[in-house]
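Numbering follows this note's numbering, with no gaps: position 106 of the sequence shown is 158.
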Amino acid sequence: MEVRAYSEAVPFITTDGSTIRSLLDLSVAPVANHSLAEATLPAAGQTERHHHKVSEEMYYLLEGQGRMEIDGVERDVAPGDAVLIPVGTWHQITNTGSGDLRFLCTCAPPWTAEDTYFGG
Numbered sequence: 053m054e055v056r057a058y059s060e061a062v063p064f065i066t067t068d069g070s071t072i073r074s075l076l077d078l079s080v081a082p083v084a085n086h087s088l089a090e091a092t093l094p095a096a097g098q099t100e101r102h103h104h105k106v107s108e109e110m111y112y113l114l115e116g117q118g119r120m121e122i123d124g125v126e127r128d129v130a131p132g133d134a135v136l137i138p139v140g141t142w143h144q145i146t147n148t149g150s151g152d153l154r155f156l157c158t159c160a161p162p163w164t165a166e167d168t169y170f171g172g
């Protein structure tokens, strides 16, 4: 059995200002088919637009307000919304609220830095 407490997930800040907590991924657990992380964007923050050639990704919004863009299509998102990000699609999420935007991220197969491509 693999159980990790939230407090065990050491947060790190990415180059775009997102705070990431890897909850269950290849760096901390013997995962085989997917990964789970929490992301937090400050007010007016946004992720750097990117895509994954191998992993399918999903976001589940926990707190705040945002705008999700996938391959040029935009939609407002809020707590309780789940977003499917198909393999190979360019995507970016922007915090449109006044507080933090917090969401869970899952990837299958597990997220790796080598499968994250920027510049689109």
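Every residue, glycine too, gets a C-beta built ideally from N, C-alpha and C.
All values reported here derive from a predicted model rather than from experimental measurement.
- When Cβ pairs closer than 8 angstroms are counted between the two stretches, the segment 87-98 is seen not to touch the segment 123-133, the count staying below three.
- Linking Val62 to Glu121 through their CA atoms gives a straight-line distance of about 28 angstroms.
- In the displayed model, Ser59 falls within a helix according to three-state DSSP.
- Between the segment 106-123 and the segment 67-75 there are fewer than three C-beta pairs closer than 8 angstroms, too few to call the two in contact.
- Considering only Asn147, His104, Thr168, Thr164, the residue with the shortest C-alpha distance to Val80 is Thr164.
- At least 9 angstroms separates the beta-carbon of Thr146 from that of Leu113.
- In this structure, Ala91 keeps its C-beta atom at 9 angstroms or more from the C-beta atom of Phe170.
- Met110 and Thr66 have their C-alpha atoms roughly 19 angstroms apart.
- Taken atom to atom, the span from the alpha-carbon of Ser87 to that of Met53 is near 16 angstroms.
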